[in-house]
């Protein structure tokens, strides 16, 4: 498993062009983290929704906090890809992913927070709003805050009156930020 993204993409594409039955078991059993994540991306792109239990079991066997920053981002991208490609997700698959990742939001890295928040929102994690609002309010930069506001705009449940007011207050403050003529329309 190379860490070079171009080599990883070529390897994944080559794998996807092989018969799925020939590499499925090896992908699920791979021990090298980079190779396993790449193989699970190919798995998610190739398999049907009936394969999601095997995919999520293999993915959640990887210890998220032990990964490097780049591996964590790769993990979240693979998880997001699988969630989208293996729909409709069974509730057990959804819960297994939420249980494996829920404790890591917030993290110390903005990009992990952004990607993890978006994944947990797609998985309908009921506690994600309560963890994103403080990230929004304490964001290091306006760009970071915008990421969290955009993420929060996709949340359909788990809101309280207080959390809705905090988001609306942020939008009111953001309306006065600089950013060109299209900034407010973007928000």
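Residue numbers (our numbering): 22 to 208.
Don't be surprised by glycine CBs; every beta carbon is placed ideally from N, CA and C.
Neighbourhood of residue i by C-beta distance below 6 Å, restricted to the same chain and skipping five residues each side
i	result
residue 41	67
residue 60	48 and 51
residue 163	198
residue 154	184 and 187
residue 165	131
Extent of the continuous alpha helix (DSSP H) run through residue i
i	result
residue 131	131 to 143
residue 184	182 to 195
residue 159	Unbroken run through residue 159: none, as it is neither H nor E.
residue 104	90 to 106
residue 64	54 to 67
residue 43	41 to 50
residue 35	26 to 37
residue 176	From DSSP, residue 176 is part of no alpha helix (DSSP H); its letter is neither H nor E.
residue 73	73 to 81
residue 120	112 to 122
Length of the line joining the Cα atoms of residue i and residue j
i	j	result
residue 44	residue 36	8 Å
residue 29	residue 63	11 Å
residue 187	residue 151	11 Å
residue 148	residue 89	26 Å
residue 195	residue 173	15 Å
residue 108	residue 70	6 Å
residue 184	residue 192	13 Å
residue 81	residue 181	31 Å
residue 132	residue 145	20 Å
residue 54	residue 26	14 Å
residue 116	residue 39	31 Å
residue 57	residue 31	15 Å
residue 79	residue 101	15 Å
residue 46	residue 190	51 Å
residue 72	residue 91	26 Å
residue 129	residue 143	21 Å
residue 158	residue 24	35 Å
residue 175	residue 168	12 Å
residue 105	residue 161	30 Å
residue 34	residue 112	30 Å
Same chain only: Cβ atoms within 7 Å of residue i, ignoring 5 sequence neighbours per side
i	result
residue 121	81 and 85
residue 127	134, 152 and 156
residue 93	85 and 133
Cutoff 8 Å; reference residue i; Cβ partners in own chain excluding five residues on either side
i	result
residue 77	103, 114, 117 and 118
Task: Touch test, the stretch 124 to 143 against the stretch 88 to 99, Cβ-Cβ under 8 Å, three pairs minimum - done: Between the stretch 124 to 143 and the stretch 88 to 99 there are three or more C-beta pairs closer than 8 Å, enough to call the two in contact.
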